[in-house]
Amino acid sequence: MHRQPILRFRFLCFLIFVAFRLATFAASPIQERADRFLALANAGYQAVFRVNAEAQWTAVTDVTPEHDAAAEATGKAYAAFNGNAAIINEARDLLTHQKELSEITVRQLKQLLLNAAEGPMTNPELVSKRVAA
97 MHRQPILRFR FLCFLIFVAF RLATFAASPI QERADRFLAL ANAGYQAVFR VNAEAQWTAV
157 TDVTPEHDAA AEATGKAYAA FNGNAAIINE ARDLLTHQKE LSEITVRQLK QLLLNAAEGP
217 MTNPELVSKR VAA
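Be aware that the sequence shown starts at 97, since it is given in the working numbering, and climbs by one per residue.
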């Protein structure tokens with residue numbers, strides 16, 4: 097049930113590693129902008145993913161109203177981060193310069209948009225209902 101987010105997390109970690117290895121050569125200004133953006137977005141994603149995963153695990157292994165509420169709250173925070181309009185807009189803007197970006201950067205940006213599709217905060221009411229369900 098929770099395997100897909102774990103695989104996505106591992107994939108993002110792998111992409112981060114490869115991105116830093118490729119960043120050793122001189123990059124264009126747009127590539128540097130994308131690298132800075134991805135470093136920030138990935139750090140935030142990892143932090144919110146960890147907190148959400150721990151809350152989900154606790155809610156499943158020790159079923160109490162408090163743990164269920166914590167799991168729901170962290171689920172909303174996870175969706176709010178992934179679906180943040182600023183992240184979506186920056187990823188889309190950077191992808192308009194796709195030819196100036198490394199292949200791995202393009203893949204990371206597309207993955208960010210895929211993650212955002214699960215909880216687009218452009219429609220927060222829908223996301224809240226989805227998380228609560």
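Even glycine gets a Cβ: it sits at the ideal position worked out from N, Cα and C.
If you're wondering where the values come from, they're calculated on a predicted model, not measured in any experiment.
query                                                                                                                                                             : result
Is it right to say A181 is buried, meaning 16 or more other beta carbons lie within 10 angstroms of its own, or is it exposed?                                    : exposed
Residues in its own chain within less than 8 Å of V202 by CB, not counting five upstream and five downstream?                                                     : L191, Q194
Would you check if the stretch 165-178 and the stretch 129-147 touch, i.e. whether three or more CB-CB distances between them fall below 8 Å?                     : yes
Beta carbon of Y141: closer than 7 Å to some heavy atom of the ligand PLP?                                                                                        : Absence of the ligand PLP from the depicted structure is noted, as is the absence of any ligand whatsoever, leaving it without description.
In chain order, what residues of the same chain have a beta carbon less than 6 Å from the beta carbon of N211, not counting five sequence neighbours either side? : N178
Checking 8 Å against the spacing of the C-beta atoms, do E196 and S124 come in under that value?                                                                  : yes
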